[in-house]
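Residue numbers (the numbering used here): 5 to 357. Here is the structure we will look at, set down as structure tokens.
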Ligand code: F6R
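The structure is reproduced here in structure tokens:
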């Protein structure tokens, strides 16, 4: 079986993306410890939070916002653009600028806008221009050490935000939730690693199903950002086309768009992220929407999130998505780490300043 050849891993993955994925639980635990030690003013009176970031840094914010939604007493807005929304002004607004490299121009622009609008600001990064600008402005910097790709640092880009929310009293203590997530991740991770043969490894089997197909992932509630993460990982690891859809919204538009072009319908694959913790009507929608796609001739499957609690389920689903994307990269014969297209585009943009 293709995925069971040990030589393939060192040949196609010389920068060890498989190790990055395997270390995700450790990274989450490290982020939790770090967030308890890093400096943070005792800000009070916050009425809204904006998290500014892009790509692999922004997804941590999406995961946090979806996880926090039922419990957080203030709105949390993920901003993926230049500047800031007009309502983000004054000391009641906390802006967290999150950029792995610290050099992403959209995030730097949001950071500058936050300073100009008199917001409370926190920078989360490994260094770069964001760290330098924040230090110069006397803004707290939550620095973490990670030498790999931003998307492989999602344990930091989520875990540090979660820790900041706890410290600021925006969320109750997350200790038990994190413990549950780590236990579930370590348990599931053992069954998805490259050493586990395809017959016993569902991530390898799912990757086999996705080969040569146009892929759409459906999520809802706290699994919505996992659908987005999965789409991004298929793009960046496997250099392949992918889409994501969020229920219940997709039942009001995407569901109608399955007929043309016929060749695309026949070569598409729709994946549904389900959880016993979802709203019962969303759970029903997952099932009925999947059936509707099947009846149109689309190949479908589902992943049922497991673990005790939302955080455990969100993170085991993410871990599964990362492994499937990783194996798909190998099946496509591409190195999962470099993203030459993104780097070249960033350079082109920088050259026009
Ligand atoms: C690359 C990746 C990208 C970056 C994005 C923003 O692995 O995931 O999506 O995250 O280009 O860069 P940073 O995170 O450095 O602000």
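Quick reminder that beta carbons are idealized off the backbone N, C-alpha and C, glycines included. The structure presented is a predicted model; accordingly, all values stated were derived computationally and were not measured.
Classify residue i as helix, strand or coil using the three-state DSSP reduction.
i	result
residue 283	coil
residue 247	strand
residue 320	helix
residue 305	strand
residue 224	coil
residue 275	strand
residue 158	helix
residue 182	helix
residue 148	coil
residue 100	strand
residue 230	helix
residue 197	coil
residue 82	strand
residue 238	helix
residue 121	coil
residue 54	strand
residue 14	helix
Against chain B, with Cβ distances strictly below 9 Å, would residue i count as a contact?
i	result
residue 142	In summary, chain B is missing from the structure at hand, where a single protein chain is found.
Taking the beta carbon of residue i as the centre, do at least 16 other beta carbons fall within 10 Å, making it buried, or is it exposed?
i	result
residue 66	buried
residue 280	exposed
residue 69	buried
residue 244	buried
residue 92	buried
residue 79	exposed
Leaving out five residues before and five after residue i in sequence, what residues of the same chain have Cβ atoms less than 6 Å from its Cβ?
i	result
residue 208	7, 202, 331
residue 198	13, 22
residue 126	100, 144
My assumption, with CB atoms under 8 Å, is that residue i sits in contact with residue j. Please give the rounded CB distance.
i	j	result
residue 196	residue 324	7 Å
residue 106	residue 132	2 Å
residue 16	residue 337	7 Å
residue 166	residue 223	Not confirmed; about 19 Å, so no contact.
residue 29	residue 186	5 Å
residue 117	residue 88	4 Å
Give me the Cα-Cα distance between residue i and residue j, rounded to the nearest whole angstrom.
i	j	result
residue 83	residue 59	11 Å
residue 228	residue 328	17 Å
residue 143	residue 113	15 Å
residue 293	residue 136	48 Å
residue 81	residue 90	13 Å
residue 96	residue 85	21 Å
residue 220	residue 288	19 Å
residue 141	residue 264	54 Å
residue 38	residue 183	15 Å
residue 283	residue 233	21 Å
residue 64	residue 322	11 Å
residue 26	residue 273	26 Å
residue 40	residue 169	11 Å
residue 98	residue 77	14 Å
residue 138	residue 154	20 Å
Cutting at 7 Å between CB atoms, please list the residues of its own chain near residue i, excluding the five before and the five after it.
i	result
residue 24	152, 156
residue 262	269, 297, 300, 302
Got a sec? Which residues, its chain only, sit under 8 Å from residue i by beta carbon, not counting five neighbours each side?
i	result
residue 110	56, 58, 84, 85, 86
residue 122	93, 94, 95
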